[in-house]
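I have placed the structure first, in the form of structure tokens, so that the comments after it can refer back to it.
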Amino acid sequence: MAGAARLTFGFALALAALLLPGAASAADLLLGPESGFTIPVELGGATLRLRVDPAASGLVILNPDAVARARLTPEMMRGRPGIPGQYIRPSYARIGPVALAGRTRAVTARLAGQALRIQAIWFDRAVIDGADGLISPALLPYDSITFRLGAARAGESAASLALDFVTGLGLYFPYPLEGRALPVQFSLWKPSSIATAAAGALLAQARGGAWAGDPGRRAVSFGILRPVRPMQLRRPLDLGFARVGLFLVRTGDYGGGLALPAETEADPDEIVVTAARAAQVARLNLVLGADQFAACSSLRYQRAERRLTLICPGATPAPQRPRERFRGPPD
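Numbering-wise, the sequence shown is residues 6 to 336 according to my numbering.
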């Protein structure tokens, strides 16, 4: 979810993801639009269809009706010393003024005959339509996963990016910008590219960004409407497969000390999922949506190398992942 980034549009997760694949893993998984980029996963006697998305977080987010079919119960935790009994492990999501109570549990699922130990999380609202939940390709027991986007085109070439991974965000490329690491994610599920307010402010400063349209509202995580505005960069970001110059900015989230081109109300739309952790003052995140992949014929994720390869017309060598640690990486 983009900036459902950290459960993706800008989420922060403080729970650990757990994956224990079987002894052998299949060589490759091919997904196409005819399946909605979903996979069948057996859980609790039910067969769930999970949408595989490169921008999904390190937790498996389920819709509440899928949780009911799989008969999942929340994970319990013991009370403090001297306080008897057990309690549901608390978690929550906050999207602007809307707070959602969440539940989590480590469960064993089965995929293609293999056992997967995953950390599931769910809320009272559905996270996605047309599927039972979201899962990151980084959690699947395949050597590579290929997303077939369309027919091959003349003049295609490959652009590859070496990705990083953190549970609270998922897979991302740390784009070096103004001495910081700007986490860039890649979503085939989100229709439009979108940045947090902090990322929009930093991009405007570093790449000559200006507003390119009127403010509006867009359904972001869990279908909740949040304020957005389109931004155009005079100097686009070059990612090899695309030059990213136009995207939406979520003007209502925490921008920290970074100022957008025009003053906007500091109304947080960052999603926070944590047991006991406050939202960050500023959060950097840019999620590239399906609008950036319209000309590409495929996208491939290789698990061992944690590499994303896009086949697109006119693709050029992608930027290298920086070796040094930048200020402000996702936590």
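Ideal Cβ placement from N, Cα and C applies to all residues, glycine included.
Model, not experiment: these values are computed from the prediction.
Scanning its chain for C-beta atoms nearer than 8 Å, with the 5 sequence neighbours on each side dropped, one finds around residue 310 the residues 167, in chain order. A straight-line Cα-Cα distance of about 5 Å links residue 157 and residue 302. Counting only runs of 4+ residues, the alpha helix (DSSP H) found wholly inside the region 184-232 occupies 202-212, in chain order.
Burial state of residue 208 is buried, judged by a 10 Å Cβ sphere holding 16 or more other Cβ atoms.
Per DSSP, the unbroken alpha helix (DSSP H) holding residue 70 starts and ends at 69-74.
As the crow flies, the alpha-carbon of residue 267 is around 11 Å from that of residue 220. Counting along the chain, residue 51 sits inside the beta strand (DSSP E) bounded by residues 51-57. Note on geometry: alpha-carbon atoms of residue 327 and residue 315 lie some 20 Å from one another. As a beta-bridge residue in DSSP terms, residue 167 pairs with 312. With fewer than 16 other CB atoms across the displayed protein chains lying within 10 angstroms of its CB, residue 299 is exposed. Per DSSP, the unbroken beta strand (DSSP E) holding residue 96 starts and ends at 96-100.
Listed in chain order, the non-local C-beta contacts of residue 35 below 7 Å within the same chain comprise 151 and 153, local neighbours out to five positions each way being set aside.
Beyond the five residues adjoining it in sequence on each side, residue 135 comes within less than 7 Å, by CB distance, of 41 in the same chain, given in chain order.
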